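Read in numbering that gives the first Met the number 0, the sequence shown has 242 at position 243, and its numbers run on one by one without any break. First the structure, in the form of structure tokens, and then the observations on it.
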Amino acid sequence: MSIFQLFEVAIACDVVLCCRVAPLQKAGIVDLIKKRTSDMTLAIGDGANDVSMIQMADVGIGISGQEGRQAVMASDFAMGQFRFLVPLLLVHGHWNYQRMSYMILYNFYRNATFVFVLFWYVLYTGYTLSTAINEWSSVLYSVVYTSAPTVIVAILDKDLSRRTLLKYPQLYGAGQREESYNLRLFIFIMVDSVWQSLAVFFIPYAAYKNSAIDSASLGDLWTLSVVILVNIHLAMDVIRWTWITHAAIWGSIVATWICVIIIDSIPTLPGFWAIYEVMGTALFWALLLAVIVVGMIPHFAAKAIREHFMPNDIQIAREMEKSQDSRDVNHPEVQMSTSTRA
Numbered sequence: 000m001s002i003f004q005l006f007e008v009a010i011a012c013d014v015v016l017c018c019r020v021a022p023l024q025k026a027g028i029v030d031l032i033k034k035r036t037s038d039m040t041l042a043i044g045d046g047a048n049d050v051s052m053i054q055m056a057d058v059g060i061g062i063s064g065q066e067g068r069q070a071v072m073a074s075d076f077a078m079g080q081f082r083f084l085v086p087l088l089l090v091h092g093h094w095n096y097q098r099m100s101y102m103i104l105y106n107f108y109r110n111a112t113f114v115f116v117l118f119w120y121v122l123y124t125g126y127t128l129s130t131a132i133n134e135w136s137s138v139l140y141s142v143v144y145t146s147a148p149t150v151i152v153a154i155l156d157k158d159l160s161r162r163t164l165l166k167y168p169q170l171y172g173a174g175q176r177e178e179s180y181n182l183r184l185f186i187f188i189m190v191d192s193v194w195q196s197l198a199v200f201f202i203p204y205a206a207y208k209n210s211a212i213d214s215a216s217l218g219d220l221w222t223l224s225v226v227i228l229v230n231i232h233l234a235m236d237v238i239r240w241t242w243i244t245h246a247a248i249w250g251s252i253v254a255t256w257i258c259v260i261i262i263d264s265i266p267t268l269p270g271f272w273a274i275y276e277v278m279g280t281a282l283f284w285a286l287l288l289a290v291i292v293v294g295m296i297p298h299f300a301a302k303a304i305r306e307h308f309m310p311n312d313i314q315i316a317r318e319m320e321k322s323q324d325s326r327d328v329n330h331p332e333v334q335m336s337t338s339t340r341a
């Protein structure tokens, strides 16, 4: 049988067993699948004869056992027993895919929203080199204002519990189908970013167009609006809340206010006292609220429509978890103790 015939037979089968295979042949089989398909390959082994196969695969897993640690040293992941492969893939693999997918898309979104606001300003000022947003705020936006919530949510958030993921292995297919990271989601989040940047820029601009407010005061309002918007956007998508998540999201908004006030209190920096000129007016707070409401309408509507009318397997499983937790709270199991009469 040629290698081409072996490949055709292998892809037509659910399981292929190769007996008495040399180490290089093991690696060759993995390489055959890698080169002729778009699928990711995983190799797992516990001995020195599995090293070449583990290194050839996209993901290599070594089992530490009686045959030494050569496989472990050459692998990406190490475990003590073969049975640990199930939670590694179904639980931690699923969590990692969901977290990384959301973090990548959210990073594009939060940075694009801020950049689009600057883009609209450049258009309306005739492509001038000046900017309404303070240079310090531009630097701190990705370093202080929005970085901590992104990292915390990417580490702690869990869309489903370990119990549910192990109970329904079919949920692992969400990653194989690229449900959480694809071109459609990227386009949608960029459209949402453009919409929110339009709301952030044009609502305050229209309100202050004929007033004596300078661009520095408008820039502070734009900065605060963007930071609040992207953090509320993130908060709407968080599944498992912890006190650390609360502290990161709401704390970053508070930190932004503090930084803007401090920056505008330094006489040597441009925009001195700008925030104080607008923060004491009712119009400032009304505009801030209007920007948040208008900016979040598409995301809120899309999220509601998707979850109620077009739910995927993960969302259905999440609702099952909620109903199960509700039943556990409303009808707790009571262990009855028996007593005997003397």
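C-beta atoms are modelled at their ideal positions from N, C-alpha and C, and glycine is treated no differently. Predicted model only: the values in this text are computed from it and were never measured.
DSSP beta-bridge partners of residue 78: 62
Secondary structure, alpha helix (DSSP H): runs of 4+ residues fully inside the stretch 275-324: 281-308
Closest by CA to residue 151, which one among 271, 234, 131? Among 271, 234, 131, the Cα nearest to that of residue 151 belongs to 234.
For residue 268, which of helix, strand or coil comes out of DSSP? coil
Do residue 105 and residue 219 count as a contact pair if the criterion is CB distance below 9 angstroms? Taking the C-beta atoms as reference points, residue 105 is found no nearer than 9 angstroms to residue 219.
So for residue 238, helix, strand or coil by DSSP? Here residue 238 sits in coil by DSSP.
Contact belief for residue 70 with residue 50 at Cβ below 8 angstroms, rounded distance in angstroms: Indeed, because the Cβ distance is near 6 angstroms, the residues count as touching under 8 angstroms.
Span separating the alpha-carbon of residue 393 from that of residue 203: As shown, the chain starts at 0 and ends at 341. That puts residue 393 outside it, with no answer to give.
Taking the alpha-carbon of residue 232 as reference, which of 217, 248, 307 has the nearest alpha-carbon? 248
Compare the C-alpha of residue 66 against each of 3, 58, 79 and name the closest. 79
Of the listed residues 27, 5, 108, nearest to residue 192 (C-alpha basis): Put simply, of 27, 5, 108 the residue whose alpha carbon is nearest the alpha carbon of residue 192 is 108.
Give, in chain order, every unbroken run of the alpha helix (DSSP H) that is at least 4 residues long and sits entirely within the stretch 171-234. 172-175, 182-207
Take every Cβ of the stretch 306-316, pair it with every Cβ of the stretch 160-173, and state whether three or more of those distances are shorter than 8 angstroms. yes
When the Cα of residue 126 is compared with those of 163, 132, 117, which residue comes out closest? Of the residues 163, 132, 117, the one whose Cα lies closest to the Cα of residue 126 is 117.
According to the Cβ coordinates, are residue 280 and residue 255 closer than 9 angstroms? no
By alpha-carbon positions, which one of 163, 286, 129, 300 ends up nearest to residue 269? That would be 129, whose Cα lies nearest to the Cα of residue 269.
Have a look at residue 21 and residue 72 and give me their C-alpha separation to the nearest angstrom. So the two alpha carbons sit approximately 20 angstroms from each other.
Coil, strand or helix - residue 125 by DSSP: The answer is coil: DSSP assigns residue 125 none of H, G, I, E or B.
If we call anything under 9 angstroms between Cβ atoms a contact, is residue 228 one with residue 290? yes
The beta strand (DSSP E) with residue 41 in it runs from where to where? 41-44
Is the beta carbon of residue 251 sitting closer than 9 angstroms to the one on residue 85? no
Among all the DSSP beta bridges, which residues are the ones paired with residue 67? Its beta-bridge partners are 64.
Give the single residue among 136, 167, 318 whose Cα lies nearest to the Cα of residue 274. 136
DSSP-derived helix/strand/coil call for residue 33: helix
Contact set for residue 153: own chain, Cβ-Cβ below 6 angstroms, skip 5 residues either direction: 98, 102
According to DSSP, is residue 133 helix, strand or coil? coil
Secondary structure at residue 73, three-state DSSP: helix, strand or coil? Three-state result, residue 73: coil.
Look at the Cβ atom of residue 33, then the Cβ atom of residue 13, and state whether they are nearer than 9 angstroms. At a Cβ-Cβ threshold of 9 angstroms, residue 33 and residue 13 do not count as neighbours.
I'd like the span of the alpha helix (DSSP H) that includes residue 166, first residue to last. Boundaries of the alpha helix (DSSP H) harbouring residue 166: 161-166, taken from the DSSP string.
Where does residue 247 sit, in a helix, a strand or coil, going by DSSP? helix
Nearest to residue 373 by alpha carbon, out of 211, 10, 277? As shown, the chain starts at 0 and ends at 341. That puts residue 373 outside it, with no answer to give.
Given a cut-off of 9 angstroms, decide if residue 115 and residue 196 are closer than it, judged by their beta-carbon atoms. yes
What do you get for residue 321, buried or exposed, if any count of 16 or more other CB atoms within 10 angstroms of its CB means buried? exposed
Go ahead and pull the three-state DSSP assignment for residue 16. coil
First and last residue of the alpha helix (DSSP H) that includes residue 153? First-last of the alpha helix (DSSP H) with residue 153: 146-155.
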